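Novice: Encoded as structure tokens, here's the structure I'll be asking about.
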Amino acid sequence: MVHLRLNETEVNPNPHVNFITALPSIPEIQEESRQLLRALAAQVKPIMKSHGFVVNSLEEYEYNQVFAGRNWNHGETVELVLRRPGGEFYPTSWLMSTLCHELAHIKHMNHGPGFQALWKLLRLEVRQLQERGYYGDGEGNSLGGAEDEGKGKGKRAASNRAREERALAAERRVQALLGGKEASYYILPSTFIELHSAQQQAPGRSKKRHLRKMMVQRIPKMA
Numbered sequence: 001m002v003h004l005r006l007n008e009t010e011v012n013p014n015p016h017v018n019f020i021t022a023l024p025s026i027p028e029i030q031e032e033s034r035q036l037l038r039a040l041a042a043q044v045k046p047i048m049k050s051h052g053f054v055v056n057s058l059e060e061y062e063y064n065q066v067f068a069g070r071n072w073n074h075g076e077t078v079e080l081v082l083r084r085p086g087g088e089f090y091p092t093s094w095l096m097s098t099l100c101h102e103l104a105h106i107k108h109m110n111h112g113p114g115f116q117a118l119w120k121l122l123r124l125e126v127r128q129l130q131e132r133g134y135y136g137d138g139e140g141n142s143l144g145g146a147e148d149e150g151k152g153k154g155k156r157a158a159s160n161r162a163r164e165e166r167a168l169a170a171e172r173r174v175q176a177l178l179g180g181k182e183a184s185y186y187i188l189p190s191t192f193i194e195l196h197s198a199q200q201q202a203p204g205r206s207k208k209r210h211l212r213k214m215m216v217q218r219i220p221k222m223a
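Here's what the structure looks like:
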């Protein structure tokens with residue numbers, strides 16, 4: 001449900017997202033994260049409207065080695081990991097793909113064919129908006145910023161597509177290792193780095209058993 005927002009001090013970049021919150025930090029860093037979340041929300045405004053999606057709370061989540069994003073209760077809360085362990089932001093194309101992933105979970109909380117088709121469609125719709133020059137409404141709410149300056153649209157689009165395909169392939173490998181078990185989170189490629197390292201140290205261990213153990217230890221039970 002979209003809430004009526006009273007006594008706003010700034011324009012909401014996306015009326016389909018009720019609240020936007022960055023992790024507590026020193027004011028400058030926290031504000032950078034908040035503005036990036038606002039820009040991401042602004043980019044998907046037309047898409048959320050057309051699909052009837054509503055997110056109650058879009059929140060930054062701290063860096064971890066397991067997931068890049070989570071969706072709780074069909075959009076009640078969507079969490080995104082914005083920063084690398086060193087503190088710099090992940091590429092906006094990666095963050096946008098992750099946000100599209102979590103938006104797709106509003107309709108499909110599993111990772112089945114319906115979810116995969118919707119995630120692909122949402123990424124395509126974002127790309128089409130950007131190709132038409134739409135990066136969000138309002139000053140300060142645009143993703144067309146410094147990261148992509150000076151890069152050709154064709155090169156940027158090809159790079160984005162390649163990154164998204166790698167992420168999708170990684171997720172399919174996780175699903176195969178888990179025997180089809182599904183959850184509404186977006187797994188980071190670093191999971192596979194750790195899995196490969198563990199296999200080198202103990203080659204006789206089952207990959208499936210080890211990955212499941214990692215998931216149980218690190219991923220909170222979904223609501």
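Residue numbers (UniProt numbering): 1 to 223.
Think of the CB as a built atom: it goes at the ideal place given N, C-alpha and C, for glycine as much as any other residue.
A quick note: this is a predicted structure, and the numbers were derived from the prediction, not measured.
Quick check on Arg84: does DSSP put it in helix, strand or coil?
Specialist: Reading the sequence shown from its first residue, position 84 is the one you call residue 84. If DSSP states are grouped into helix, strand and coil, Arg84 belongs with coil.
Novice: Report yes or no: do the stretch 82-89 and the stretch 44-59 share at least 3 C-beta pairs separated by less than 8 Å?
Specialist: Counting C-beta pairs with one atom in each stretch, the stretch 82-89 and the stretch 44-59 have fewer than three that are closer than 8 Å, which means they do not touch.
Novice: Mark Gln128 as exposed unless 16 or more other C-beta atoms lie within 10 angstroms of its C-beta, in which case mark it buried.
Specialist: In the sequence shown, the residue the question calls residue 128 occupies position 128. Gln128 comes out exposed.
Novice: Among Glu131, Leu99, Val17 and Glu79, which has the Cα closest to the Cα of Glu62?
Specialist: By 1-based counting over the sequence shown, the position of residue 62 is 62. Distances from the CA of Glu62 to each of Glu131, Leu99, Val17 and Glu79 were compared; the closest alpha carbon is that of Glu79.
Novice: Between the C-alpha atoms of Leu40 and His16, what's the straight-line distance to the nearest angstrom?
Specialist: Within the sequence shown, the letter at position 40 stands for residue 40. Within the sequence shown, the letter at position 16 stands for residue 16. Rounded to the nearest angstrom, the two C-alpha atoms are 13 Å apart.
Novice: Kindly indicate which three-state DSSP category Val126 falls into: helix, strand or coil?
Specialist: Taking the first residue of the sequence shown as position 1, residue 126 is located at position 126. Looking at Val126 - three-state DSSP - the assignment turns out to be helix.
Novice: Give me the Cα-Cα distance between Asn12 and Ile20, rounded to the nearest whole angstrom.
Specialist: By one-based count along the sequence shown, residue 12 stands at place 12. By one-based count along the sequence shown, residue 20 stands at place 20. Near 9 Å, if we compare the C-alpha coordinates of Ile20 and Asn12.
Novice: Helix or strand or just coil, what does DSSP make of Leu58?
Specialist: Start at 1 with the first residue of the sequence shown, and residue 58 comes out as number 58. In the structure shown, Leu58 sits in a strand (DSSP, three-state: E or B).
Novice: For Val78, write down the residues that DSSP places opposite it in a beta bridge.
Specialist: For the purposes of this step, residue 78 is taken as residue 78 along the sequence shown, with counting starting at 1. Answer by DSSP bridge pairing, in chain order: Leu58 and Asn71.
Novice: Which residue comes first and which comes last in the beta strand (DSSP E) that contains Thr21?
Specialist: Position 21 of the sequence shown, counted from the first residue, corresponds to residue 21. Segment Val17 to Thr21, the beta strand (DSSP E) holding Thr21.
Novice: Is the Cβ-Cβ distance between Leu36 and Phe89 less than 8 Å?
Specialist: Walking along the sequence shown from the start, residue 36 turns up at place 36. Walking along the sequence shown from the start, residue 89 turns up at place 89. For Leu36 and Phe89, yes; Cβs fall inside 8 Å.
Novice: Answer with buried or exposed for Ser33, where buried requires no fewer than 16 other C-beta atoms within 10 angstroms of its C-beta.
Specialist: Counting from 1 along the sequence shown, the entry for residue 33 is found at position 33. Buried.
Novice: Would you give the residue range spanned by the alpha helix (DSSP H) that Met48 belongs to?
Specialist: The residue labelled residue 48 in the question sits at position 48 within the sequence shown. Element bounds for Met48: Lys45 to His51.
Novice: For the alpha helix (DSSP H) that contains Ser25, what are its first and last residues?
Specialist: Sequence index remark: in the sequence shown, residue 25 carries index 25 (1-based). Note, Ser25: premise wrong, no alpha helix (DSSP H); not H, not E.
Novice: Relative to the alpha-carbon of residue 294, which residue among Glu102, Pro24 and Glu76 has its alpha-carbon at the smallest distance?
Specialist: With the chain covering only 1 through 223, there is no way to say anything about residue 294.
Novice: Count the other C-beta atoms from every protein chain shown that fall within 10 angstroms of the C-beta of Ile106, then say buried if there are 16 or more, exposed otherwise.
Specialist: The residue you call residue 106 lines up with position 106 of the sequence shown. Answer is buried; the Cβ neighbour count reaches 16.
Novice: Would you kindly work out how many angstroms separate the C-alpha atoms of Glu28 and Thr9, rounded to a whole number?
Specialist: Residue 28 sits at position 28 when you count from the first residue of the sequence shown. Residue 9 sits at position 9 when you count from the first residue of the sequence shown. So the alpha carbons of these two residues sit roughly 18 Å apart.
Novice: Could you please give the first and the last residue of the uninterrupted alpha helix (DSSP H) stretch that includes Met96?
Specialist: Locating residue 96 in the sequence shown gives position 96, where the first residue counts as 1. Thr92 to Lys107 is the span of the alpha helix (DSSP H), which, as asked, contains Met96.
Novice: What number of angstroms, rounded off, separates the C-alpha of Asn110 from the C-alpha of Lys120?
Specialist: In the sequence shown, the residue the question calls residue 110 occupies position 110. In the sequence shown, the residue the question calls residue 120 occupies position 120. Between Asn110 and Lys120, the C-alpha separation is close to 15 Å.
Novice: Give the single residue among Phe53, Asn18 and Trp94 whose Cα lies nearest to the Cα of Glu59.
Specialist: Taking the sequence shown and counting its residues from 1, one reaches residue 59 at position 59. Nearest C-alpha to Glu59: Asn18.
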